[in-house]
Structure formats: structure tokens, C-alpha cells
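J.:
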């Protein structure tokens, strides 16, 4: 009796013979296979990172390829080619997405503004995918319409968060011919195969121990849902079409691209066979980025395609070990978040942790961001008032402040050159502000010279470095939100005006009575010497109105 064994089972036998133990499990209806190594299956020589030759930026960054900080060396002087994985546009973008995009936006701004690097950034928009197809069927609309709708929403969200747009957004569906050509070359180079069902898979065995540059292969998970694969680790480059799904023509029949191939194709179409920096969330390291590396190096026949892989940490809801994600339905949309907080506050929230660290989102963490921003804004306001002569202080120790400013500028540059250490940078800025505030104490009697120049320099530097991070301290739309101190001052001013007005209207004589009813006539006639006070109260009310402070009924404030 002849038995025909499934390809997946044959692959399992091969793996067992190679010293791998196999563990099966079922997750979401899909069989998962864990490959557990009984020995080191990856030769360090074949996975060794090659330090690029070129322009040394003076920055060290954590490289996921080496699991340590490496000097950031660019192929061209002062030009960084940067590719990032954009959104899969089937739903609203949430705060977890925002955290990753804002963090990498901050890194790109630092490279551009502090280290004078011209960052050429390309981002892909995944506008065809299993999730997009499923959601379009649920909502009974075209996958294209669904994708365009959420793509535009994503771009509006990024603009609201002040994320600088890439040099170009590139959609997957606009690059189908390029993807087909990319796959054809991989097949021609002997690293992919076509199945009888019309699928095309990358042949992981064809690259030997080179597969696994980003992750340790022990415990790696492959999907056995498709029975026409040779190896559980093999992944789809081209998927044969199913009924009622979007599809395109190809040499292997109608179908659509697999997930990973889009990024390799689009990045290569712009940057060629070498990429300086590739970024994304840590959840994309495997399988997405791992597979990108495999297929790109198979296409270009090169030893190292991407030189630096940067990954941002997950955003967690406080008290949860799970990342914020759409699939877990534990997310906050960017639109809803911005109803309660500002872009400046969210950027401070991101700046207070390292970009590659996990970050907890909670009331406490947002309060800390708001408090930090409020302290910075209050210092800027006070420094400006001092320079204008509105704030009187005792003579300052000007020399010490100049020294503090110089030391802060040096420590900030050093911190940012060390894997973009924004928490240490914020600490340095807050220390400078603390020393400035210590010498901005109001005084009723002032003797001696004033020192407006040093506070002007400090003010300019704080605004500049915050501007590098995308925090706009001059954004008038956010002033009332980020400065609780100013709100309190306005409240006190209006309260004081109300008391003055009440005093001006008071009369010592008993009010006259109505001859018909015998009741007191309520109309007050102020004493002549108090009329100027009433006029001043009216002037204050009229002068505050153009500034957004409207006084109604004598004391109520509406901003």
C-alpha cells in the first residue's frame, strides 16, 4: 500500500533528523508549530553583523541585529535612508500606534536638527490584507474604499500629533507589478517555489543558517495552516486568489501579495540593495522583519540588506501585561485621546521613557507629562516677564546661570548621541529650569543690576530643544490647556475685579423706597469718587475679551 504523506509532515521528519524537537499547539483555529533546538542551530559566523563603511554620525544606537549599541554609520555623508512599516488600514489608529510613530518621529527630528542628518523616510501603507478583506465583508463595502477611508484618517491623526510626514507614502496596491517582478527574481535565484495551488513560498531552507538574524530560532513559531509548504517556517510571497477576494494577474495565476514581500519590494524600489535604518514596533521583529531580511538578501544576493533595525517598545494599559492592540480591543483611539489631552502632552509622555522601552499608559503617567509641560511653560512665561521688566527680582548670579546653560547644552547633546536618551535629556532641561526658577523669585524691593540676557538665552534654548522634539511651546491653542498656573491667575484677577466693583457700587446712605410699594429701589448710585474704579473695571473686562477671557455677570469666566 502506497501512502502519500503531506508535505508538512515530510518537513517535520526533516526537522527531526536535523536535531529539532517539534511542539504543536492550536491558536485561533490555526495549527502552530514551535521548533525547539537541542543545539545551537545558527552559526554566529553566518549571522554576524557587518559594520557599514561610510559616514560616522557620532551617534550610537541600539541595533536589534546585534542586541547592543553600535556606532551609526551611514552609506552617504549626512544622508540617512530610512524605511518604516506603516499602518494596515482596516480600522482606527490607536494610541499604541501613535506611541511608535511619535517616538520614531522624535528620533528623526533629533538626527535632522541636532546632528544635521538629512533623513529620507519612506513609509508603506498596507491597503490589501486579510484583515482589510474581512472587515470590508463585515461592513459590506469595497476593500479599496475601506482602506482609503482609514488611510486618510491615519494621516489626519499623524498631523494632529505633529508627526512629520515621510518623503513619500507608498501603497501596496500601487506596486503590484514591482512585487511580482521581485518574487520572480527570488524564484530565479533559487529561494522560492511555486505550489500546485498557485501559492508562492519563500524557501527558508535555501538560505541555511542565515534565517534568524533578528531572533533566536529556538521556540520560533510557524503556521501549518497551509498544507502545501515544504517547511513550517516558509512564508507566503504570493497567495492564490479565493472567491470574492481582490486579485491581480501573475505568472502563477490570479492572486495577491503576501504580507512581508510588500516592504522588501517598496524599500528596494526606492533605496536599492542597501538600507541604513529600518524601524517598527517590537512586535514586528518576528516574523515580519525577519522575513523581510531573508527575502531582500535573497533578491539582492547580498550579505546584509538593512544595516540597523530599530524597534520601539509596546504601549501597555497600566496594570496589563498585554500590549494595546485592535485584536485585544483594549485600545484608545487617537481621536478620542486628543479630546482629553494635547499633542504636546503626549509627546512629553513619550519623551519620559526610552523609545525602545515598554511604556505604561495611565492617569498617573499622563499627569506626570502634564506637570512637566506645565513647569516648562511656567518658566518660559516667567523668564519672558522678567526680560520685559514685569517681574521684579533680586540681582541674579548671572555667571552661574551661563555655566549651567553651557553644561546643559553639552549634556543634552551627549545624551541624545547615546541611543537618543530623551529621559536624560528632559532631566537636564528640568534641572536648568530649576536653577533658573531659584533666581526668579519675586521681590518688592529691588537693588542692583538686572540680567535679562542670560534668561533670554535660557528661554531660547528650552524652546529650541522642545521644538526639536516636536513640542511647540508657542502653540496658542494649547496655552490654556498646558498652563494651569495661568488659569489660576486669571481666576484671581477676575475675583479681585469683582470685589473692587462691588466696593465701588456700595453706598452708605439707605436706598430710597418706592412710594407705591414701599420696597427699596435696587438701583445703586455710586459715590462720585468711586466712579473711576467702575470705569477701570469696565476697561479690564473689555481688554480681557480679545485675549479669550470673557467676564459674564460680574465674575463668571468663560475661556
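Numbering (UniProt numbering), first residue to last: 1 to 559. Don't be surprised by glycine CBs; every beta carbon is placed ideally from N, CA and C.
Residues bridged to residue 171 by DSSP?
T.: Partner(s): 125.
J.: Is it true that the CB of residue 170 sits closer than 8 Å to the CB of residue 132?
T.: It is not a contact, given that the beta carbons lie outside the stated cut-off.
J.: What does the alpha-carbon distance come out to for the pair residue 50 and residue 416?
T.: Their Cα atoms are separated by approximately 24 Å.
J.: Does residue 163 come out as helix, strand or coil in the three-state DSSP assignment?
T.: Residue state, collapsed to three classes: coil.
J.: Would you kindly report the start and end of the unbroken beta strand (DSSP E) that includes residue 98?
T.: No beta strand (DSSP E) contains residue 98, which is instead part of the alpha helix (DSSP H) from 95-113.
J.: Please classify residue 100 as buried or exposed, where buried requires at least 16 neighbouring CB atoms within 10 angstroms.
T.: The residue in question, residue 100, is buried, as its Cβ has 16 or more Cβ neighbours within 10 Å.
J.: Below 8 Å on the Cβ atoms is my contact criterion, and I expect residue 334 with residue 93 to pass it. Report the Cβ-Cβ distance as a whole number of Å.
T.: 5 Å between Cβ atoms; contact.
J.: Where does residue 82 fall in DSSP's three states?
T.: Looking at residue 82 - three-state DSSP - the assignment turns out to be strand.
J.: Of the residues 64, 191, 493, 227, which one's Cα is nearest the Cα of residue 285?
T.: Residue 285 has its Cα closest to that of 64, out of 64, 191, 493, 227.
J.: DSSP three-state label for residue 396, please.
T.: Residue 396: coil per DSSP, three-state reduction.
J.: Considering residue 344, what are the terminal residues of the alpha helix (DSSP H) in which it resides?
T.: Where residue 344 is concerned, the enclosing alpha helix (DSSP H) stretches over 343-351.
J.: Do you know offhand how far residue 528's Cα is from residue 382's?
T.: Straight-line Cα distance between these residues: approximately 39 Å.
J.: Can you tell me the Cα-Cα spacing of residue 236 and residue 420, whole angstroms?
T.: The straight-line gap from Cα to Cα measures roughly 36 Å.
J.: Please identify the residue among 123, 501, 102, 91 whose C-alpha is closest to the C-alpha of residue 129.
T.: With distances taken between Cα atoms, residue 129 lies closest to 91.
J.: Name, in chain order, the residues that DSSP records as bridge partners for residue 202.
T.: DSSP lists 192 as partners of residue 202.
J.: Pick helix, strand or coil for residue 451, following the three-state DSSP scheme.
T.: Reduced to three states, the DSSP call for residue 451 is coil.
J.: For residue 176, collect the residues of the same chain with a Cβ closer than 6 Å to its Cβ; drop the 5 residues on either side in sequence, then sort them by chain order.
T.: Around residue 176: 248.
J.: Measure the C-alpha to C-alpha separation of residue 160 and residue 112 and round it to an integer number of angstroms.
T.: Approximately 21 Å between the Cα atoms of the pair.
J.: Using the Cα positions of residue 207 and residue 432, report the straight-line distance between them to the nearest angstrom.
T.: Roughly 54 Å between the two C-alpha positions.
J.: May I ask you to list the residues that DSSP assigns as paired with residue 528?
T.: Residue 528 pairs with nothing; no bridge assigned.
J.: Round the Cβ separation of residue 396 and residue 451 to the nearest angstrom and send it over; I've been treating them as touching at under 8 Å.
T.: Correct: roughly 5 Å between the Cβ atoms.
J.: Determine which residues share a DSSP beta bridge with residue 279 and list them.
T.: Answer is 84, 310.
J.: Please classify residue 244 as buried or exposed, where buried requires at least 16 other C-beta atoms within 10 Å of its C-beta.
T.: It counts as exposed.
J.: When the distance is taken between beta carbons, is residue 141 closer than 8 Å to residue 413?
T.: Cβ atoms of residue 413 and residue 141: not closer than 8 Å.
J.: Does the beta-carbon of residue 154 have 16 or more other beta-carbons within 10 angstroms, so that it is buried, or is it exposed?
T.: Buried, by the Cβ-count rule.
J.: Among the candidates 52, 104, 119, whose CA atom is the shortest distance from the CA of residue 79?
T.: The residue with the shortest Cα to Cα distance from residue 79 is 119.
J.: For residue 276, which residues in the same chain have their Cβ closer than 7 Å to its Cβ, ignoring the five residues on either side in sequence?
T.: Excluding sequence neighbours, residue 276 sits near 74, 75, 80, 81, 82, 307, 308.
J.: Measure how close the beta-carbons of residue 198 and residue 252 come, nearest whole angstrom, since I'm counting them as under 8 Å.
T.: About 5 Å separates the two Cβ atoms, so the contact holds.
J.: Using three-state DSSP, classify residue 55 as helix, strand or coil.
T.: Reduced to three states, the DSSP call for residue 55 is strand.
J.: Nearest by alpha-carbon distance to residue 203: which of 145, 172, 298, 103 is it?
T.: Out of 145, 172, 298, 103, 298 has the C-alpha closest to the C-alpha of residue 203.
J.: Contact check, residue 311 vs residue 266 under 8 Å by CB: the rounded distance?
T.: About 19 Å; that fails the 8 Å criterion.
J.: Report the three-state DSSP secondary structure of residue 60 (helix, strand or coil).
T.: In the structure shown, residue 60 sits in a strand (DSSP, three-state: E or B).
J.: In chain order, what are the residue ranges of uninterrupted alpha helix (DSSP H) at least 4 long that sit wholly in the segment 353-430?
T.: Counting whole runs of 4 or more residues, the segment 353-430 contains the alpha helix (DSSP H) stretches 363-388, 398-417.
J.: Note down the Cα distance separating residue 540 from residue 489, rounded to an integer number of angstroms.
T.: Rounded to whole angstroms, residue 540 to residue 489 spans 14 Å at the Cα level.
J.: Out of 48, 47, 384, 72, point me to the one whose CA is closest to residue 57's CA.
T.: For the residues 48, 47, 384, 72, the minimum Cα distance to residue 57 belongs to 72.
J.: Which residues share a DSSP beta bridge with residue 504?
T.: For residue 504, which the question treats as bridged, DSSP gives no partner whatsoever.
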